[in-house]
Structures are given as C-alpha cells and as structure tokens.
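There are 4 protein chains.
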Amino acid sequence: MDFAQSYFITEEGAPTPLRAVAEGRVRFQEVDAMGIVWHGHYASFFEKGRIAFGDRYGMSYQEFRRQRTPAPVVRFHCDYKRPLLFDENYTVETSLHWSDAARLDFSYVIRNSGSDICATGYTVQLLTDKNGEICLLLPDWLASFRRYWRSGCWQQGPWRAVEDKA
Amino acid sequence: MDFAQSYFITEEGAPTPLRAVAEGRVRFQEVDAMGIVWHGHYASFFEKGRIAFGDRYGMSYQEFRRQRTPAPVVRFHCDYKRPLLFDENYTVETSLHWSDAARLDFSYVIRNSGSDICATGYTVQLLTDKNGEICLLLPDWLASFRRYWRSGCWQQGPWRAVEDKA
Amino acid sequence: MDFAQSYFITEEGAPTPLRAVAEGRVRFQEVDAMGIVWHGHYASFFEKGRIAFGDRYGMSYQEFRRQRTPAPVVRFHCDYKRPLLFDENYTVETSLHWSDAARLDFSYVIRNSGSDICATGYTVQLLTDKNGEICLLLPDWLASFRRYWRSGCWQQGPWRAVEDKA
Amino acid sequence: MDFAQSYFITEEGAPTPLRAVAEGRVRFQEVDAMGIVWHGHYASFFEKGRIAFGDRYGMSYQEFRRQRTPAPVVRFHCDYKRPLLFDENYTVETSLHWSDAARLDFSYVIRNSGSDICATGYTVQLLTDKNGEICLLLPDWLASFRRYWRSGCWQQGPWRAVEDKA
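Following this line, the structure appears as structure tokens:
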C-alpha cells in the first residue's frame, strides 16, 4: 500500500514522486509522561524529512530564501499508527508529489528501526511573493525544477537552481 | 461558516457539540526565523484547548488517568489561515463532536485578538485499555458522560465523573 | 533568604531591584517521561518572566526591537529545588538588578501554587548594536530608564521609552 | 584553555575526565526570530551530549532506569559565546568530571563546523533512590563504574554495568 498516493490525487501521466530518506533518534525531551513521543513533535520529524529532501534535490530552505520565495505550510496532517519510544532510531521517507499549481505537496512515512510504520502524513505549502501574496504562477527557478523533474533527468544527478541562471 | 461541522460528519439528531475557549499569548521561542509562529507549535495550542475543555466539562487529563483510560491522538490535522506573531494574544475554541464510537473527535478554531481566524483543525483520539488495546465499548465513566450530554443537562452545571460512582 | 541577591553582587547604594510576577500553568508536553517538567523548559519560564517584566516597566521585546538594541542572553543559570508537575500553576518572580554596565542582570524565582520554591536562576544579557558589536556605552533610551529607576519614581507609574524623545 | 576544568574543581590525583563527542545539525524550529538558535534549546544539545556519553561508557539513560537510580538535573549553566544558525552542524563535547560524592558533574563544549566554540556549560545531577530521596552513598553499580574509571581501564574497552553482577 502506498500511503503517499493516498493523500494526494495525481493526474494521469504525472511524473512519479521524488523521494528522500532522513534518519533520526528520539530525544529525551520528545517523550511525554506516557513514555512515548508526544504527537506534536512529529511536525519536527516531517521538517527533518523536508530538509533531507531539499539537500538531495537542490531545494533547500536556503535556496527558497535566496530566491525570495516563502513557502508557508498551510496544511499539516498526521496519522499515528504506532508509538516511538525514547532513544529509538527512526527514518522519515519524504515524497514530493507532482502538481501543476504553485504549491508543494509532500507526504511522509515514519518508520522505526524494525521498519514498522509509526506515522504517515502530508503537508501542503503555498508559494508566496515577498509581500506574502500567494503566487498564481510558479517562480522561474521552480518552473525549471519541474521541467527537470518531468524530463526524468534525476538519474543524471540533481538539479541545481544555479543551472537555470545561465 | 462552521468549521467544526466541516471536519466531522455528525448523524442526524446528535447533540450539538460542547465548546470551551482557552486563551494564550505567543511565546518568544514559538516564533521562527520568518517571524511567525512555527506551524508545529499549533499542536500545543490545540492541547491547551483540550485542557480547558476538560476543566470545564469534568474530563481532565487527570480524570482519564484516574480512570485508566489512555486516549492517544491517532490523527492530527491543521489548516493555517493567517500567521500569529510574537506576543499576540489568541483564543482556542475547542469543540467535542458527538460520536457513538469509543473515540473523541475534537475540532479547534484559533483566533487572534482581532477575532480573525488564524487556524482551524481537528484531532481524533481512540480510547484504549491499560494494555494499549483499543476499546470497542465505551468505558462506563465516559458512557455516563455521554448520557449526560445527550440529556441536555449542561445548563445545570458540569457533569462530574464522581456522580456516576454512587 | 534573598536568592536574587545571591546571584549578583550589587554595589553599595544601588537602587533596589525592580520586580514583576508572571503566572503560568504547566503544559502537557513540558512534562517528561519521569512525570516532571523537563529541566530545559525552565528557559521558557524565565522568558515568560522577562516578558511580564517588560510589560510592567516599559522594556518589552518590541521596545528593544524598535530601539534596535539586541540584547542576547550570554549566560543562563538555573538551580532546581523541587519538581513541577503536569497542570500545576506556577509563578515566576523576575528581578532586574542594578548594574552600571551595558548589560541586563535578571534573577528568577519559580514557585508552585503552594508557594514552595521550585527553581531559582539568573540570566545575563549584553547589549549590542545592530551589527552585533557589544555596546560599551548604554544606549540613550536605556540610560533614561536607569535614571528613572535611580530617581525612585516607579511609584508614580512606569517609565515609558517615549518620554525620552521629548 | 580548558573550560571543563574551569567549571569544576577537582581534587589532586583525581582521574582525568571521560569524554565523548556528539554531532548535531540545527533544526529549523530551533532558530528564533533573530535568526539564531534560541538560547533555551542548548539544554537539548547538552542532553544529546550526555546520551552520546552514556552510549560510549555504558551509562545510558536506560541503564539508570534499569538500576532504579533517578539522576535529576539540579543545576544547569550555559555560557553563550557565538550564535549557531539554521542548518549548521555542531558538535557537543561532553566530559564527566571525577567526584567522590553521589553526583554527576558534566561539562560541555559546543562547537560549530569551523571548530569555533559557540557555548560552554555544565550540569550537576544528584542521585536519588526510587522514592526521590537523595543518595548519600553511591549505588553499587556506579561505585563499580568509578573503580573502573580510577583503574584507568578505559583503553581496554568500556565498562559494562553487567560485569558487576557476577
């Protein structure tokens, strides 16, 4: 079963999602009085996933800042399947789903060290200009990113924002 | 428009949701590098809302513990409408929606001091026994709570778990 | 015993410390797996204290920002006496201690609802200019604040930064 | 200059401190509105350091729990030298200092990826029995740990609590 598919409906013929995996280890203060990771901390696990994704695909937070493209989270959703305990290692598999719109649709799967699924979820980010107005058109650098994605060139190495400057 | 209604579908004839309002003020460390409350902190705002709800309706976390009824959050969802800034006052309106099942369906509306809606969301909690097995039947004390709710007696003052002990 | 005095040595004849009290209530996610507030969260309790202090004495974070006077914390110290539990009410008594230097010396006493001392501590903040260079001289607006303090005028109402603009 | 030495005064002839190094990377939500890591988050960096220390020397949190030896932090101190920024890599060098008493004295040095010292600090933990009473005598398993430390056997591999069971 593909959780990533279940959160977003993708048009026929869209490129397959891009994926990256981050690793983490539960911190002491992330565990609550019940002895399990407090549900609110999963937002930081998802963020860890987005950062690993950005590292791999040339879409880091720094790149968004450099391009003056704020991308605020407008929706956060998490389904909890199984608790994580103190000191457990976990992975965050993060997938970016194709969209034609000026938005970023990420889904997440968190697994414990035994590969059990502990949580799944998704976030939606809208792109804004520097005044906070929602973009109707995709900024050039992200349009370039999407062309690269659709062209299926990832096997030749990651896209870099700078390539588009030439 | 009633956000609370839009997250949960309630059967015909179900009692109206129970509501409580909590107040808060944005802490310095809740604001991120963009100058707005980091989206992950809304989980603690919703929790503030559930605690105020429990205070008002006799369903505090302590009561759940005393009754040995863990109620883990199995789903968290938040829609962000407008940012909250450092030091802003906000309110969390928390509503419990009727369900016949052994679960708790809460929705939330967060407003700033100008009464603008900043975020809405919902959580689902399942009830478990002390071994972590999901309850199929509602524990007696919560069944009593629901009878009180359905009877429309809230205007006579809050239900107390202890009433049912007699 | 005056904890505030024990953290800072004040010169003979210095004005008495200025004090303010903030109130808080322990949040669920502030409690760790041992069932007590995790020690690292006291930094946010102290900050709650500084904010209440700023509100009362006209030295809010917003005022520091408006005056372009960053005041980073360069030292944080906390002594833990007695644990705080989930849902406990607590107070933070915050005192600003006189100093002739371009720094802010705050001490803190956290008490539970039974007035037991749960923690004491202090912070030191240095004032910097907008480039992050440490100020050797006090900015005018804070010099005005200190003159007001030394003059013993607080009983006539709080000092306001704006007074100095005339 | 050895910061570790400056926080604790060690008796003549005491064994040299034991050290371990942890690595971390600044998370987005650890950065405040000033664009630097909020000072309160260093408590979690120190904790990361203690956990790496426990891993290396056989004194994990789990071991303390298994041995029913709570070790609450009774003092926390941090000196901030230089800010950490979003996404920076950092190291936490953690040292346990010799003491004859029933306490744990740790010091910490946090460095950025350029090896600049960003913060130093220390914590003191007291050992308690399961009722929360402070131990006057060291529990057997920790006495065994200290004998191993004094004997200078670390170069032969880490001490294990289980060794003492024989």
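Chains as they are written, first to last, in the working numbering: chain A, 11 to 176; chain B, 11 to 176; chain C, 11 to 176; chain D, 11 to 176.
Built from N, CA and C at the ideal position, the CB exists for glycine as well.
These figures come from a predicted structure and were not determined experimentally.
Within the model, the alpha-carbon separation for B:Glu103 versus C:Gln39 is close to 20 Å. Residues of chain D with a Cβ closer than 9 Å to the Cβ of C:Pro80 are, in chain order, Met44. If you check the CB distance, A:Leu94 and A:Val47 come in under 7 Å. For C:Gln135, the closest Cβ of chain B is not nearer than 7 Å. The secondary-structure analysis by DSSP pairs C:Thr130 across a beta bridge with C:Asp89, C:Val119. Take B:Arg113, set aside five residues on each side of it, and the residues of its chain with a beta-carbon closer than 8 Å to its own are Val134, Gln135, Leu136, Leu137, in chain order. Rounded to the nearest angstrom, the Cβ distance from B:Ala62 to B:Val41 is 23 Å, too far for a contact under 8 Å.
The beta carbon of C:Leu148 lies closer than 6 Å to those of Ala112 in the same chain, with the five residues before and after it left out. Taking CB atoms only, B:Ser117 has no neighbour in chain C less than 7 Å away. Just so you know, the alpha carbons of C:Phe74 and B:Tyr100 end up roughly 23 Å apart. At a beta-carbon threshold of 7 Å, the residues of chain C lying near D:His49 are Ala53, Val83, Phe86, ordered along the chain. Residue pairing from DSSP places A:Thr138 in a beta bridge opposite A:Ile144. Considering only A:Tyr118, A:Trp169, A:Trp108, A:Cys88, the residue with the shortest C-alpha distance to A:Glu33 is A:Tyr118. Under DSSP, B:Leu106 forms a beta bridge with B:Leu28, B:Phe116. The C-beta of C:Asp150 comes no closer than 7 Å to any C-beta of chain D. For A:Glu73, the uninterrupted alpha helix (DSSP H) segment begins and ends at 71–76. In the structure shown, the three-state DSSP call for A:Arg60 is helix.
The continuous stretches of alpha helix (DSSP H) do not include A:Phe38, and DSSP gives it neither H nor E. If you draw a straight line from the Cα of A:Leu146 to the Cα of C:Arg37, it comes to about 40 Å. The C-beta of A:Ala43 has 16 or more other C-beta atoms within 10 Å across all chains shown, which makes the residue buried. With 16 or more neighbouring CB atoms inside 10 Å of its own CB, A:Arg121 falls in the buried class. In summary, A:Cys163 is exposed, with fewer than 16 beta-carbon neighbours lying within 10 Å of its beta-carbon over all protein chains present. Going by C-alpha positions, A:Phe155 is about 9 Å away from A:Met69. Here D:Ile46 is bridged, per DSSP, to D:Leu95. Around D:Gly142, the same chain offers Pro80 as residues with beta carbons nearer than 8 Å, after the five sequence neighbours per side are excluded. For the pair C:Asp126 and C:Phe18, the CB atoms are not nearer than the 7 Å cut-off. Within the region 88–102 of chain B, the residues whose Cβ lies closer than 9 Å to any Cβ of chain A are, in chain order, Cys88, Asp89, Tyr90, Lys91, Pro93.
Note on A:Lys58: 16 or more other CB atoms within 10 angstroms of its CB, so buried under the neighbour-count rule. In terms of CA proximity to C:His49, D:Pro82 leads the group D:Gln165, D:Pro82, D:Gln72.
With a cutoff of 7 Å on beta-carbon distance, A:Trp159 and A:Thr20 are scored as not near each other. Residue burial annotation: C:Pro168 is exposed, with fewer than 16 other C-beta atoms found within 10 angstroms of its C-beta.
Counting the other Cβ atoms within 10 Å of the Cβ of D:Thr130 gives 16 or more, which makes it buried.
Per DSSP, the beta bridge partners of A:Thr101 are A:Glu33, A:Arg121.
Taking a C-beta distance under 7 Å as the contact criterion, C:His87 and C:Tyr52 do not qualify as a contact pair. The beta carbon of D:Asp139 is closer than 7 Å to those of Cys145 in its chain, skipping five residues each way along the sequence.
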